[in-house]
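UniProt numbering applies: residue 1 is where the sequence shown begins, and numbers increase by one.
By construction, the Cβ of each residue, glycine as well, lies at the ideal position given by its N, Cα and C atoms.
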Amino acid sequence: MPLVRIEVCDFKSPPKGAGKSNLMDAISFVLGVKSAQLRSSQLKDLVYRGRRLARNPDGEDGGQAPPDEDDEEGEGEGEGTAKKAWVLAVYEDAAKKEWKFQRTISTTGASEYKLNNKVVSYSAYNAALIQHNILVKAKNFLVFQGDVEAVASQSPKELSRLIDQISGSLELAGDYEKARDGLERATENATFNFTKRRGMMGEIKQYKEQKGEAERFEQLCQERDDLVLRRILYRLFHIQQSLDEHAQAIRDQNKALVGLRKEQQRHEKALEEARSEQAKTRGSVMKKEKKIKTAEKALEAQRPDLVRIEAQIKHAERKREKAEQELEKLRQTESEQKRKLQSLQADLDMVKKAANAAQEAQRRAAQQNLSLSEESKAAASVLAVDERQSLQTLTRDEKTASRTLAQLKDKSEQQTQKREKLAEEERTLSQKTSELEAKVFELAAELKRVRQEHHNQQAERTRIEKLEKETNEKLVNIYEQLTQAGVDQQESQRETRLKETLSNLQRIFPGVRGRVVDLCKPTQRKYETSVAVVLGRNIDAIVVDEEKTAIDCIEYMRNQRAGQATFIPLDTIQVKPINDKFRAFAKGARLAVDVITYDPAVERAMHHACGNALVCDSMEVARYVCYEKGQEVKAVTLEGTIIHKSGLITGGKSSQTNGKKWEEKDVQGLTRARDNFMAQLLELGKSKPRGQETEVLLAEITRLESAHSVARDDLGACKAKLNGVRDEVKHIDREIRQIQPELRKAQTAYNKVKEQVDALAAVINEAEDGIFADFCEQIGVDNIREYEERQLKLAQAESEARLQFDTQIARLTHASQFAEEQMNMTRERVTQYQEILTTEGTNLARLEQERAQAQAGIAEAEDAIRTLQEELKDLTEEMEEKTKRVDEVKKTTSKAGKVLDQAIKEIATHRGGGWGGQNDEIEKVGLERSAIYRKCRLDEITLPLVAGNLKHVPMEENLRDEVAMDVDEDEQGTQRVKRVPDYGIEVDFDSLSDADRDDASGDVLKEIDDSIAKTTSEIERMAPNMKAVDRLDDVEAKMVETEKEAEKARKDSKSARDQFNEIKRKRCELFNKAYNHISERIDQVYKDLTKGKMAPTGGVAYLTLEDSEARTLYGRYQPSPFFVLDEVDAALDNTNVAKIANYIRVHSSDTFQFIVISLKGSLYERSNSLVGIYRDQDVNSSRTLTLDLTQYDD
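Next comes the structure, spelled out in structure tokens:
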């Protein structure tokens, strides 16, 4: 029996039933079937987490585990403690050798495989199963519940795949696809190499044809080169002959204008002398003007001193007047203080006399008064003793109450007096505050007035300075124009002559268009400066249609002695194309040619003059283009600043003077304007406020600000003191109100004690009246008390009179002393103001003397200026006479020049007979020879030379050297032979035939040109591939490599095809073998399964891949040692179940085992052994029961 046993630990059991199908899952699991084909979605779900461990009475575990397993699950009890599950299958092979296959799964989903208790990889594990013909992928040992119905419902394609899987053909599918792809790649590579080889064969044929054509082309080119060389030698030979002939003609006619030249030189010398005398006179005028200007400056320097002195005089006068006013006030104050002092001294003397008289009268009265005897006083003292004692006590109480009352009254009186004093002080402070407020207001008004005066003075000064600045700017402009006028006047003759020459050129020579500056115009005024800078030296260049016209114009100017000029011929000028990227390269930058307007006919000339130069709105834009963007282009700002291609910066505006030409009347107008501006500056200097006046006003403002600040501080202090006095008055009023109740209470207490004292005194007085009756009668009083009262009153009156006189004397003494001090202070101030008057009088005298001196100096300076102006007027008249003389000489010189020009023009008109035409021809043929040299160098034509080298010939026309050049003159003013550059080259004409040398007509040249044209035409019709020979060699070399590659590709294709066919053959053999086996066995199997009473021989079947038992048949093709069926009889009745049982019984053996999971008894009866599964409720787990049926008879 191959499968001996299955051991399961913590492998899941279905939640319902006893777990029969769990055996099927356990077998599938241990043999490596994927979890998706089991009854779980993940492997970790196969771990049973609901087991509860039970302990037997002996304390041992109720479960079993193999000896080699760690008992990790037994560490705890209860549900959820299992960490892994495993299944062990014990298999016995044909040699009776046991094999143990164990698979373990943890709760993390990791699998572990063991073979014979050793951990191995899945591939080794699966290889061991395949060794025993247990195919996991084909599952040839399992029929799950429902698999029969699933197989029966499969399509032919799916059944074909199933046969592929059963036969093992499917395992070769990867190799099959790989071999097929390799075959396709090899076939494609072979096809590509074949196509490549065929194409190269065509190229070889084509290059062989092109090689012959190229050889013919080279032969024709050599013939053309020989003809071109012959033509060049022919032209150069006859050019040299022409140069020699024209040079000799010029030498013969060189003396035609000597007399006229000398006459013109004599007139020009006279003109030069007249101009020299005019310049000397102009120098004297300018020196005189300079002296006048110096004198005026000196005069202007003296005027501020006079203004300063006058301001100081006014200030001193105001100061003296103020001092006199203050002195008068002080003298009046001194008189009043003196009168007041005398009055106080008289009052003091009178009070002192009255005090002495009163004291003497009191002394005399005291001597006349009678006094009581001591006996009478002793007798009176023994009467009414008790009453006297009580009276003494009450008298003491009365005195205490009287003192208290007196203190309160004194306090009340003091507060009242203090209040009156404070009220008086409040009135004084209020009056002082009013006076200070008036003073502050007066000072503020005065300060405002002075400040306004200072502001007006500053505004006037600013206005005058502004006018002076504007006038000076205009004056500077006038001086610049006068300076420019002097320069322009010196060049006016040359400019006028140049214009006349240009006009003559346009009249004589057709094709002279004019100067560049006259042919273009900026689109906006802001571009004028920048465009002038861009044009530079080309601004006065003359544009002509043809180079020949330029040469003729140069010769004419040489004959006319008209100086230099640059010509731009439109037909030969080399113009670089405009780079369009600069049109929108940066904001604020534009091409110079785009900011000017011109006739399209002169576009080439404008492009030549402007090039790719940019006009930029600002220096920042120019720096951005040239530095940040790194563009090598000339950038010019609107102000005329240039950033060159090299990165250098040139500042300043254009020096081109294309403006107006000065006339004498313009210069005179500028002189008059200059004099007017000078006079305006003089008047403005006189009316401008002087610095001394400003200083006086600033000093007055400072004094008033200080006085105003002090007055405000005094006012603030006075107001604060006034507020304090008012607060103190309020406090005293509160004190008085508080004292009044206490005073009334003390008065009441005093009155009560007084009444008691009066009552006791009445008793005592009645007793005393009897004792002092005689004395009272003697002195004429009613009683003794009247006497005592009279004596008391006399003493009090004496004391009061003495106190009153002392008080008056002290008051008058203090007042006299204060009045005397005030008078002394007033006298001191009088002395100070007298000193101020003396000082200011001295200053006024000194300032008057200085003013007189300043006025005298100014008058003297004005007289000197008038004298200089008269002298300047005389010099100006003399200069006008010199100018008239210059004009007359200029007219004479102009007439002589016109005579000479007419003679030169007549010679120029007869170009064939004059040396002007000969020089034109020399220059013309010289330029033609230079062009031939350049052409030989450019076209790399080998010219036979005796001396020199074509490398010395410049590659470009230098128009500045060849066109705009000075006219050579000798001492007699005649023309020399025009020198044309030969660059040190001497041509070897030995190869030129005698016929070509002798024939100067155009027939030979025409014949050569026709031959060249014919050969060139034939060459142009040809389109040879000059690289055909090289390409032919390359293609032939590559052809050898291609042959090798094609052979290799063919061999690779054959090898790939053989490999693919071999794998294809193996797959077909495996598939056909399985298919044929199934096709042969299906009918017999079906008969065995369908035999019965109705069909003793069974039914008929053929391979349609739809038979319900197909899976069983396929499984028997490569049979596993055992076969597991999971309830395949569930849908069959007992009859068919019995047929299945008989079939299994017949085909089972010791080497082929059937394991059937079923609930049908008919299957139980035919089995060799039974295994029952049930649930043990005590341990909440499955249990097994086994029964061996072989011990029973059939």
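- When the five nearest sequence neighbours on each side are left out, the beta carbons in the same chain lying within less than 8 Å of the beta carbon of Ser1169 are those of Thr1186, Leu1187, Asp1188, Leu1189, Thr1190, in order along the chain.
- Across the structure, Cys1068 and Met201 are spaced so that their CA atoms are roughly 44 Å apart.
- Here Gln524 is exposed: its Cβ has fewer than 16 other Cβ atoms, across all protein chains shown, within 10 Å.
- The C-beta distance from Gln822 to Gln332 rounds to 14 Å, too long to fall under 8 Å, and the pair is not in contact.
- In the three-state scheme derived from DSSP, where H, G and I count as helix and E and B as strand, Lys409 is classed as helix.
- Excluding its 5 nearest sequence neighbours in each direction, Val595 has C-beta neighbours in its own chain below 7 Å: Pro522, Thr523, Tyr527, Val531, Val615, listed in chain order.
- If you look at Lys1087, you'll find it in the alpha helix (DSSP H) that goes 1028-1090.
- Rounded to whole angstroms, Leu306 and Gln312 show a C-alpha spacing of 10 Å.
- In the three-state scheme derived from DSSP, where H, G and I count as helix and E and B as strand, Ser816 is classed as helix.
- Distance from the CA of Trp86 to the CA of Ala110, rounded to the nearest whole angstrom, comes to 12 Å.
- The region 1053-1070 makes contact with the region 186-194; the number of CB pairs closer than 8 Å reaches 3 or more.
- The closest CA to that of Val625, considering only Phe585, Gln738, Val899, is found on Phe585.
- By a beta-carbon distance limit of 8 Å, Thr471 contacts Gln680. Their separation comes to about 5 Å.
- Relative to the Cα of Leu43, the nearest Cα in the group Thr294, Gln102, Ser1181, Ser106 belongs to Ser106.
- Within the same chain, no Cβ atom closer than 6 Å to the Cβ of Gln342 is found once the five residues on either side in sequence are excluded.
- With fewer than 16 neighbouring CB atoms inside 10 Å of its own CB, Ala438 falls in the exposed class.
- About 49 Å separates the CB atoms of Tyr207 and Ala1000; that is not less than 8 Å, and the two are not in contact.
- Check the Cα spacing between Thr637 and each of Ala592, Arg1166, Lys890: the tightest is with Ala592.
- Sequence-distant partners of Ile649 (beyond 5 residues in either direction) whose C-beta falls short of 6 Å from its own C-beta, in its chain, are Ile643.
- The continuous beta strand (DSSP E) containing Lys100 extends over residues 98-106.
- A contact is defined here as three or more CB-CB pairs under 8 Å, and the region 935-951 meets this definition with respect to the region 985-1004.
- Look at Asp988 here: in three-state DSSP terms it is coil, with no helix or strand label.
- Your pair Leu704 and Glu453 does not check out as a contact, with CB atoms roughly 12 Å apart and the cut at 8 Å.
- Taking a contact as a CB-CB distance under 8 Å, the pair Leu670 and Ile478 counts as one, their CB atoms being some 5 Å apart.
- The beta-bridge partner set that DSSP reports for Lys84 consists of Ser106.
- For Tyr1192, there is no enclosing beta strand (DSSP E), as DSSP gives it neither H nor E.
- If you draw a 10 Å sphere on the C-beta of Gly1161, you find fewer than 16 other C-beta atoms in it, and that means exposed.
- Put simply, the region 596-607 does not touch the region 498-506. Fewer than three CB pairs are less than 8 Å apart.
- The criterion of a C-beta distance shorter than 7 Å is not satisfied by Ala601 and Ile568.
- No residue range can be given for Tyr624, since it is assigned to no beta strand (DSSP E) and is classified by DSSP as neither H nor E.
- Each of Ala565, Tyr556, Gly611 was checked against the Cα of Gln574, and the nearest Cα belongs to Gly611.
- Here the C-alpha atom of Ile130 lies approximately 45 Å from the C-alpha atom of Phe192.
- Assigned with DSSP and collapsed to three states, Pro741 falls in helix.
- Per DSSP, Ala635 lies in no alpha helix (DSSP H) segment; the continuous beta strand (DSSP E) that holds it begins and ends at 635-637.
- Counted as a single uninterrupted DSSP element, the alpha helix (DSSP H) harbouring Gln560 occupies residues 547-560.
- Buried is the label assigned to Lys924, since at least 16 other Cβ atoms lie within 10 Å of its Cβ.
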